[in-house]
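Trainee: Handing you this structure, nothing more for now.
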Amino acid sequence: MKVKDIEEKNELLIRECKDFKSILNIFSRLEDRFLTHYLSDGSRITLYTTMGTIYKVNCKTIKEMDIVLETFSNKNSSLCFKDQPVKFTDENTTRTGFLSQDGIIKLVSDVVPCNRVIQYIQLPNVEKTIVRQRHESFLASDSQLQ
7 MKVKDIEEKN
17 ELLIRECKDF
27 KSILNIFSRL
37 EDRFLTHYLS
47 DGSRITLYTT
57 MGTIYKVNCK
67 TIKEMDIVLE
77 TFSNKNSSLC
87 FKDQPVKFTD
97 ENTTRTGFLS
107 QDGIIKLVSD
117 VVPCNRVIQY
127 IQLPNVEKTI
137 VRQRHESFLA
147 SDSQLQ
């Protein structure tokens with residue numbers, strides 16, 4: 007590698023670091039949020055923020071998951087979970103959780119008015135999207151949504 011190439015690569019890395027620092031500064035002001043940041047080398051880092059503190063999250067890939075109908079709410083109730091209730095298997099144990107908009111399963115979810123629940127959660131590698139509107143959830147192929 008030539009000296010000029012090394013200098014250009016270093017400049018790119020410095021710019022990436024400054025950009026990431028700015029992202030972290032803004033992200034730290036949010037509450038109860040996840041962020042997956044993709045680096046220039048193709049790797050990624052997932053972070054979580056709460057009360058001004060940022061934590062690095064160690065994520066695992068879940069191979070199979072079932073959509074759970076909300077037992078908390080019913081059509082007469084005006085409250086729903088903010089995130090999609092799901093059931094999944096982790097280390098041979100069936101667990102329940104809540105699939106957030108960014109594809110991360112959380113243990114808890116806030117309760118919000120059902121009229122605020124309109125979500126499209128794209129599932130990786132299967133070209134399908136979970137569509138949530140108020141009390142109802144269904145799976146649609148991505149081609150149906152276009």
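In terms of this note's numbering, the sequence shown opens at residue 7 and continues consecutively. Cβ atoms here follow ideal geometry from the backbone N, Cα and C, with glycine treated the same way.
1) Between which two residues does the alpha helix (DSSP H) carrying K88 extend?
2) Is the beta carbon of V92 closer than 8 Å to that of F104?
3) Skipping 5 residues on each side, what residues in its chain have a beta carbon closer than 6 Å to that of G58?
4) Starting from S28 and walking both ways along the alpha helix (DSSP H), at which residues does that stretch end?
5) In three-state terms, what does DSSP make of R122?
6) Using C-beta distances below 8 Å, list every residue in its chain close to I60, excluding the 5 sequence neighbours before and after it, in chain order.
7) Determine the extent of the beta strand (DSSP E) in which L45 is found, giving its start and end residues.
Mentor: Taking the coordinates as given:
1) Numbered from its first residue, the sequence shown carries residue 88 at position 82. Note, K88: premise wrong, no alpha helix (DSSP H); not H, not E.
2) Counting from 1 along the sequence shown, the entry for residue 104 is found at position 98. Counting from 1 along the sequence shown, the entry for residue 92 is found at position 86. Yes; because the gap between Cβ atoms is below 8 Å, this pair is in contact.
3) Looking up residue 58 in the sequence shown gives position 52. Excluding sequence neighbours, G58 sits near S34.
4) Stepping through the sequence shown from its first residue, residue 28 is reached at position 22. Unbroken alpha helix (DSSP H) run through S28: 9–33.
5) Position 116 of the sequence shown holds residue 122. Here R122 sits in helix by DSSP.
6) Translated into the one-based positions of the sequence shown, residue 60 becomes position 54. Closer than 8 Å at the Cβ level, and outside the excluded window around I60, lie L30, F33, S34, L53, Y54.
7) As a position in the sequence shown, residue 45 is number 39, starting the count at 1. Where L45 is concerned, there is no enclosing beta strand (DSSP E), given that its DSSP letter is neither H nor E.
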